[in-house]
Structures are given as structure tokens and as C-alpha cells.
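See below for the structure under consideration.
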RNA sequence: GGGGAAUUAGCUCAUCUGGUAGAGCGUUUGCAUGGCAUGCAAAAGGUAACCGGUUCGACUCCGGUAUUCUCCA
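In my numbering, the protein residues as written are 258 to 1131.
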């Protein structure tokens, strides 16, 4: 039996032998594309070639691409693991022709690979071709049909609908018919009963599509018409996991050696056995085997779990995995991180990025698991309360609102609530739960509602970016549009020539001015979208057709460049001081400061920070010229340039060098001319952002100078307050020490004073009707002391009624204590006495308990009457 | 970006509707045992995140700030 690794190798070898260039997988995490969080198809990284925005370096390419799908028509996260063939992360094998070969070769090669190389019996295969569509006026794909006829019996060539066999990238753009290959994996007796023909494209688990060949031959215009493309392309995708399942003759993707390694490991860890069935326990095995791949490779590509965007998707996948092992494998500690080494080893030869960062990834996963297990623990406590409450209300329905609160506020999974409820014979009010969920979604959408007008196109063409060399340029507007969010209106402008740097690689977008003959428009930000440089403005010029001078705010740009160059110096210094495991995990550079996230497993000590600062400042004083070159990627790597995990680089890269022996980085940002321009560098903070990831913030240039001045002013201020003590720190320590001693002293004095008053009051005890009565005016400093005094007296007198009155800062205060026995025998209640009798006498309010109550009021003259009134009640 | 929640002793957390801030673990001390594991007893430890308001009285109610958690986008 061929192993999965051999099968993958054979695919790549086969297409290499047909003249294809084999390229690495693009990162699974997509950056700088707001429409896509993850790579979800093999062609993603080649989109620009099909759109004609970029020229491919090879006309024939093949690869295996890491993809992730967590939503879509057939791929809901909650379904993964339940069946035997859906996945979150999967590999897509693909071969591409960019204006090179077309239908004939693509069809012949796919047949050759499947039947000759892989040896799939021909009578297991069916193919589909596009059958035409009358409403679109599209003919049937006769060409493909004819090419297939050479290999396949005609009754195995099926006609497909537009839905299944016509592929489009979007509403407009390249599109064309496609041809799929399906495999019938059923047993012979089943095949005799029902022909595989009718099961193709019918969601049968054993009759499955394994390969899709898309033939891009049209371009769809905005008006919906189709124009033949000048260059025709081939885009194919073969699901690797399915292919392996077919070749290894298994019923389920999870029975192939793509997954058995991790499943065996899970068996070892949990002591449970995988049983190939649909029990919850077996589903849990599949969920873990699937999810661990998605989690491992996304983190290796630099995306940490978080509470927004792509990071939130990873967090959800990870938590679903935890939920399954926690509930169905009865394993209550972190498990996923233990699988990571097995996975990394398995993919070492294909996707080495996981093995290279195995410590970091395992650590991040473990920490994330621990955090969620804590969340579960807290939720379990809360759900106990909810169940008790439900039972107390003598109903079997758990309040939907309560279930939602548990989910929404405490992150407790709703399916666990259902499960635990059902163990107690309860069910969740699903309708109310869904209603709450709906409200939450509506609220969020309303808050992020973005109203975008259509582009108003003035001129065709692309943008020429000149910002590396110039800070001003003559420019005219190519197109613009209005965007409004939450009542704020903005305009986006695209220029034919621009010196404005769009936010990228952590460097903030430029701001500046568009200077027209009669007016100026402020550019408040610059960002990239779909490869366009978009300038944000709060208003439009009167006449959008007039050329302008586009002028970048040069002071701000310069300050930003200082921080960007400082980031490179810092990165190199970190690797020198902490070790070469330090890799960039995120970066932010603007005119005010820089922020740099990097992998490292311990707090950076004060001493290390000093050494890092020293190195960077030495490099600044060396005044090293910053050399920027474009060169081949291989050449750059050979020079020792640092490239980032999870970044996709073209074959020609921009390299920033600050002393070839010190710092060489691939970077598209803008920099100072020589390091001396940085002036000074200072780290302002160091902290953890996630397991194994630290964050440093620093300032350089003018910002550093300002920072130092502020710090010095602060110290001067402190010293002045301390009367310029020689050692301010010691002076503060002494002050704190003195303060706490004084506090203790005052406390004990007061306590002693209260004891004195108490003893004196005890001598004034009168017996009235067998009740020990104390009613006196006292002098104390606070209501609290009055209360304490009353409590103290209570513990020294049996069968007591105590009334203490005080004038504190001109306000009247009363505390009344009644012995429990007196309360029971005579019905005297301190709280009631205060409310009903005392409060009115002193023109105030009050209350308390039966045995002790307090009141306060404005009228001090009423206090004598208070004592007499209570005496009268005995 | 929007909603919800949490913040109390060194740690983990109680304190039902406003009315005397507690427990377990840990720490210290003493006692028991030749020593250790341990057992018993006692003590110390609090600006209830921070700021403001309502109230006779606020850990508790209201507003703001900070940090953390969580759901949605």
C-alpha cells in the first residue's frame, strides 16, 4: 500500500516530468485581503495571474496547498468529524497552466496519473463535462467530451449542470467550464444493484469527486456577457485526503495514514479505542485528528488564537476539539498539545514550518487549552445554579436566556448545557436561545454596518507608487467612492501616481495633502485593498478632474521611518541577546513608537533589555548606511535574510540591509538613509501577549527624546516633592513605613479610647423592668466608632437595650442595640425603633437589624429626646 | 467595532433583596514526635481594582476609568 507521503510525491513528480515548476504551499493564513481570512482553495495564490494583474514566472506550476474551510455550503464546522470525509484543514493538489496547455493535455494527464501511475481501475471512474446552459446561451463543452472519449467509455461521461460544471471566480472576471473526475468506491454487489452513474454528484459518501479541472476560457463582463479570454488557463484541484483514501482502499479518510498516526496517539493518551463507528466517542477521535491539523498549521503560519478575526476562528476550532475530548473521551486535561510532535513529524518533509516551531506551537496550544478548561470549570459551577433554579421553578425547561447568558458571557458551549441538562431530565428553551442569539448578531451588524458606494471611475489604469524615492508627485484621480460607517462619511481615492505608502508590514499608512490649484484635501490614512493604494479623505475636491500635487506629511513619515529602521535593529539585537529562536510575530510602526511581538519563552530580564538597548544604540552611533536592494529570493536567503513564517514572498524581493553582518531583512517598508538618524533608542515596555510570545515597545528619534524628557521631569517632580532628598526611593519607602505606623497607632489609640468610654458607660447601666438600659450621649469621631462601641457594650451586658447618641461634625447620629432575648420577650426591634421613632426626632433616616441599627440626621437638638423616647418604651 | 461579565486576604473563592467582610489553601508562631511525613492550637494578613454619585449607612445601587474574560461581527 502506498503511504500518503508517497502518493503526494508521485503527484508532484508526475507534473514535474510534464514540465511543471513545483512551488511551495502559500501560507494558510491570508494577510492583506479583507475578503478572505484563510486560503480556501489551491488557486488563491495565483488569483492575480488569472486576473492578469501579474505575470507568472512559469507557465506550468504544480503544488500541494494547505487550505482551511470552516464555513460554506457543505462545510459547517459542527459537521466535521461527524462524517468521514469533511475537514477543516485539507491539502489541495493542483496543476496549473497559465496560457500554456489547455483541455487536451490536462485531460490526458489527469487520466494518465490516476490510471497508470496510481493504478485506479478504470471501471471505478466517471467523468463529468459541462452540458451547456440555455439561459446563459452557453454551449455544451464538446471539446472536453471529445478528448475524454479517447480514454473513457461514453456511458461514463456525464453531462453536468451550470452549478456543478461551470466555474466562476466572482460576479465578474475569468470563468469557464470544468470537468470533474469521480470515483465509485462501493462494493461490487452494491454496484450491481445501483449504477454509480446515478450517484455522481448526489452526496453519496462512497461515490465522490476527487479531481476538478477548470478550463478558464471566458471573461465575464459587468453586463453579464462572456468574452473569450486571449490566454486560456487551467486550474485544477484534487483533494489529497480523498485521493489517499481511494488509493489505500479505505471507507473513510480517517482510516488512511494521513490521520491514523494522530488517532493512535490519542488512543495511547486517553486509553480509549477508536472503533470506526458513529458513536460520540469515535466522532471525538475524528474531530481531534482533524482539528489538530488546522490548529497546528495556522499557528505555525503565525496566526495566534485570539478574540477577533482569523485568530477567533482558530480559537473556536480548538475549543470544539477540547469540548469533544472533555466530554466524550473523558479527558479533563490539555491533550491537543501532546499530539503536536506526531503531526509535526508526519509533515516534516512537506510543511516544515510546524517542526521548525514545534515548541512555540505546542506551548501556545497548551496555554489555550488550559484557559478554556478553566472557562469550562467556571461554567460548570454556574450551570449547577441554573439547574437548581430550574428545578425550583418546577419546570423541565431551562430558561433560554440563562442558557444564552452562560454561552455569551461565560463562554460555556451550548451543547454542553444541553448535555448536562438532559442528564437531569431537562431541556433548553431553544426558541428563546435562538432569539437571544439573533439579537446579538443584529446588534453587532448594526454597529459595523458599512455603506459603500460604487467606484466612480474617471480614468482607467493602475497606480504608480513612487514613495520610496519621492515625498511629492503630480497626480490625478483615477477613481473615487464614498464610504460611510456610523454616520461618518469618508472618501476613498485612487491616484495614477502616488508617493503615499499604504499601511503594510506593520508600517502605518502615510498622511498628507492633495494640493489642487484652488484648494487642499487632507489625506488622513492610506491603505491597500485588492492591490490598490487607497487614500482616505474626509472630503472631495470641488473638481475631481483637475490634477493635483500629492504631498506626504514628511515629518510624520520621517518619524515613522526612524521607528521602522529601529525595529530592524531591535530584531537583530534580540536574536543576538536571546537567541535565534526569536522570530517576528507581529509589528506596528508609526511616528510615535514601535511595537514588536516575537517568539520567546521567558520574560526578558532587565539585564537583557539593557544589553539589547546597548547594542541598538551602538549600531545607531556607527551610523551604518541603510542599503536597500531588490534581488532574487534565493539570493536573499543565501545572504542570510530573515524571512517570516506565514509570509508569501515573490521570487523578486526587496532586501533591507543594515551592516550585512548584522541585519538583513526582507521588507517592503520605508527606512532612514543611515542609522545615525535614529539618534537614540529606548525600550519602554516588555510584556507577554500569548504563551511563548512577548511584546516590546520602544521609541527612537524625536519620540525617544520626548520620552526621556518626560521621565526626567517626572523624577525631578518627585524629588522636589520630597524636598530634594538625596535618595528619593528611600525617602518614599520611609514615608510609606511611617504612614502605616501612624495608621496603626491611631487605630490602637481609638480602640483604647473606646474601651475607656465603654467602661464608663457600663457604670451608668440602669435596670428598668429587668432590662439593662444604657442611654447616653458620647463623643466619638465616626459613625463606625459609634457602631463599634455599641457592639462592644452588647457583649458586656445581658438583657440589654442600648442607645448611644453622638454629635459628629454637627450631624446627629444614633446607634441602638437590643438583646435578642429582649427582642423575643418584649418585641423590641432596634431597626423598627430607629425607623418609626428615632429618625423623625433627628430629621433624618436610618435602619438596620433587630439587634443593631443606626440612624443619622440633621437635627442634633433631638438627640436628648431620642434617649428619653426609648427609655419610655421599656 | 458592538453586547455581556468579572475584579474581595499571598492563592482559589463565599458574602440571598444595602445594615458587624468570611472560608479553604498558603505564611508565621507555639505544642506533640529522636527526626521527617504529619497532627493539634493560635496569630498575622483587607483602601473589597480606581474615581465620582445616591443614601443615615455602599463590597452590594448608579455613572466613569483601567485590566481580564466571553460572545457576536
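All residues carry an ideal CB built from backbone N, CA and C; glycine is no exception.
For clarity, every value in this text was computed on a predicted model and none was experimentally measured.
With distance defined between alpha-carbon atoms, name the residue in 868, 815, 1093, 859 nearest to residue 934.
On the first chain, position 677 is the one that residue 934 refers to. Checking every option, the nearest Cα to that of residue 934 belongs to 815.
Using the beta-carbon count (16 or more within 10 Å), is residue 311 buried or exposed?
By 1-based counting over the first chain, the position of residue 311 is 54. With fewer than 16 other Cβ atoms within 10 Å, it is exposed.
Please work out which residues of its chain come closer than 6 Å, Cβ to Cβ, to residue 612, disregarding the five sequence neighbours upstream and downstream, and give them in chain order.
Residue 612 sits at position 355 when you count from the first residue of the first chain. Cβ within range, chain order: 601, 605.
Apart from the five residues just before and just after residue 531, which ones in its own chain have a Cβ nearer than 7 Å to its Cβ?
Counting from 1 along the first chain, the entry for residue 531 is found at position 274. Counting only Cβ-Cβ distances below 7 Å, and skipping sequence neighbours, we find 520, 524, 539, 542.
Nearest-angstrom Cα distance between residue 959 and residue 938?
To locate residue 959, count along the first chain from 1; it is residue 702. To locate residue 938, count along the first chain from 1; it is residue 681. Answer to the nearest angstrom: the Cα atoms are 10 Å apart.
When you compare each of 409, 465, 469, 404 to residue 423 by their alpha carbons, which one comes out closest?
The count along the first chain starts at 1 and reaches residue 423 at position 166. When only C-alpha atoms are compared, the closest one is 469.
For the beta strand (DSSP E) holding residue 1064, just list the boundary residues, first then last.
Taking the first residue of the first chain as 1, we reach residue 1064 at position 807. Unbroken beta strand (DSSP E) run through residue 1064: 1057-1065.
Report, in whole angstroms, the separation of the C-beta atoms of residue 354 and residue 317, which I expect to be a contact under 8 Å.
Walking along the first chain from the start, residue 354 turns up at place 97. Walking along the first chain from the start, residue 317 turns up at place 60. Their Cβ separation, rounded to whole angstroms, is 6 Å, which keeps residue 354 and residue 317 in contact under 8 Å.
With 16 other CB atoms within 10 Å as the buried threshold, where does residue 971 fall?
Residue mapping note: residue 971 aligns to position 714 of the first chain, counting from 1. Looking at its Cβ environment, which holds fewer than 16 other Cβ atoms inside 10 Å, residue 971 is exposed.
Could you give the uninterrupted runs of the alpha helix (DSSP H) lying entirely in the region 593-626, keeping only those of 4 residues or more?
If we require 4 residues or more, the alpha helix (DSSP H) runs fully inside the region 593-626 come out as 593-603, 610-613.
Hey, residue 499 and residue 432 are a contact pair by Cβ (cut 8 Å); roughly how many whole angstroms apart?
Here residue 499 is taken as the residue at index 242 of the first chain, counted from 1. Here residue 432 is taken as the residue at index 175 of the first chain, counted from 1. Not confirmed; about 25 Å, so no contact.
Less than 6 Å between C-beta atoms, sequence neighbours within five positions excluded: which residues of the same chain meet that for residue 594?
Mapped onto the first chain, residue 594 falls at position 337. So the qualifying residues of the chain are 619, 622, 623.
Beta-carbon within less than 6 Å of residue 1120's beta-carbon, same chain only, minus the 5 sequence neighbours each way: which residues are those?
Stepping through the first chain from its first residue, residue 1120 is reached at position 863. Around residue 1120: 1062, 1069.
Which two residues bound the contiguous alpha helix (DSSP H) that contains residue 422?
If you number the first chain from 1, residue 422 lands on position 165. Residue 422 -> alpha helix (DSSP H) spans 419-422.
Rounded to whole angstroms, what is the Cα-Cα separation between residue 930 and residue 897?
For the purposes of this step, residue 930 is taken as residue 673 along the first chain, with counting starting at 1. For the purposes of this step, residue 897 is taken as residue 640 along the first chain, with counting starting at 1. About 22 Å.
Using the rule of at least 16 other Cβ atoms within 10 Å of the residue's Cβ for burial, across every protein chain shown, is residue 651 buried or exposed?
Here the question's residue 651 lines up with position 394 in the first chain. Exposed: under 16 other Cβ atoms inside 10 Å.
Within the continuous alpha helix (DSSP H) that includes residue 368, where are the two ends?
To locate residue 368, count along the first chain from 1; it is residue 111. Run containing residue 368: 360-368, per the alpha helix (DSSP H) assignment.
I need the straight-line Cα distance from residue 487 to residue 283, nearest angstrom please.
Taking the first chain and counting its residues from 1, the one referred to as residue 487 is at position 230. Taking the first chain and counting its residues from 1, the one referred to as residue 283 is at position 26. About 27 Å.
When DSSP labels each residue in this structure, what does residue 923 get in the three-state scheme?
Indexing the first chain from 1 puts residue 923 at position 666. Looking at residue 923 - three-state DSSP - the assignment turns out to be strand.
What three-state label does DSSP hand residue 229 in the structure shown?
What the structure shows of the chain is the stretch from 258 to 1131, and residue 229 is not part of that stretch, so it cannot be assessed.
Just to confirm my understanding: we take residue 570, look at its own chain, exclude 5 residues before and 5 after, and list those with CB closer than 7 Å. What are they?
Position 313 of the first chain, counted from the first residue, corresponds to residue 570. Closer than 7 Å at Cβ, skipping near neighbours: 294, 327.
So is residue 966 buried or exposed if we call it buried at 16+ other beta carbons inside 10 Å?
On the first chain, position 709 is the one that residue 966 refers to. The residue in question, residue 966, is exposed, as its Cβ has fewer than 16 Cβ neighbours within 10 Å.
Going by other Cβ atoms of all chains shown within 10 Å of its Cβ, with 16 needed for buried, is residue 907 buried or exposed?
As a position in the first chain, residue 907 is number 650, starting the count at 1. That one is exposed.
Once DSSP output is grouped into helix, strand and coil, what is the label at residue 320?
The residue given as residue 320 occupies position 63 in the first chain. Residue 320: strand per DSSP, three-state reduction.
Relative to the C-alpha of residue 745, which residue among 718, 706, 580 is closest?
Here residue 745 refers to the residue found at position 488 when the first chain is read from its first residue. When only C-alpha atoms are compared, the closest one is 706.
Classify residue 649: buried if its beta carbon has 16 or more other beta carbons within 10 angstroms, exposed otherwise.
Against the first chain, residue 649 aligns to sequence position 392. So residue 649 counts as exposed.
Give a yes or no on whether the C-beta atoms belonging to residue 683 and residue 653 are separated by under 7 Å.
Taking the first residue of the first chain as position 1, residue 683 is located at position 426. Taking the first residue of the first chain as position 1, residue 653 is located at position 396. Yes, Cβ-Cβ distance for residue 683 and residue 653 is below 7 Å.
Would you check if there are 3 or more beta carbon pairs closer than 8 Å linking the region 553-561 to the region 578-589?
They do not touch, by the three-pair rule.
Buried or exposed: residue 1026, going by 16 or more other Cβ atoms within 10 Å of its Cβ?
Position 769 of the first chain, counted from the first residue, corresponds to residue 1026. Label assigned to residue 1026: exposed.
From which residue to which residue does the alpha helix (DSSP H) around residue 274 run?
As a first step, residue 274 must be located in the first chain, where it is residue number 17. Where residue 274 is concerned, the enclosing alpha helix (DSSP H) stretches over 261-274.
When you compare only the Cα positions, how much space is there between residue 1138 and residue 932?
Nothing can be reported for residue 1138, as the shown portion of the chain is limited to 258 through 1131.
Please tell me whether residue 940 and residue 870 are closer than 7 Å, where the distance is taken between their beta carbons.
In the first chain, residue 940 corresponds to position 683, counting from 1. In the first chain, residue 870 corresponds to position 613, counting from 1. Yes; because the gap between Cβ atoms is below 7 Å, this pair is in contact.
Tell me whether the beta-carbon of residue 494 lies closer than 7 Å to the beta-carbon of residue 397.
The residue labelled residue 494 in the question sits at position 237 within the first chain. The residue labelled residue 397 in the question sits at position 140 within the first chain. Not closer than 7 Å, so no.
For the region 844-861 and the region 945-960, state whether three or more C-beta atom pairs, one from each stretch, are separated by less than 8 Å.
Touching, yes.
Tell me whether residue 585 is buried or exposed, calling it buried when 16 or more other Cβ atoms sit within 10 Å of its Cβ.
Looking up residue 585 in the first chain gives position 328. Residue 585 should be labelled buried.
Pull the bridge partners of residue 784 from the DSSP assignment, please.
Mapped onto the first chain, residue 784 falls at position 527. Residue 784 pairs with 791.
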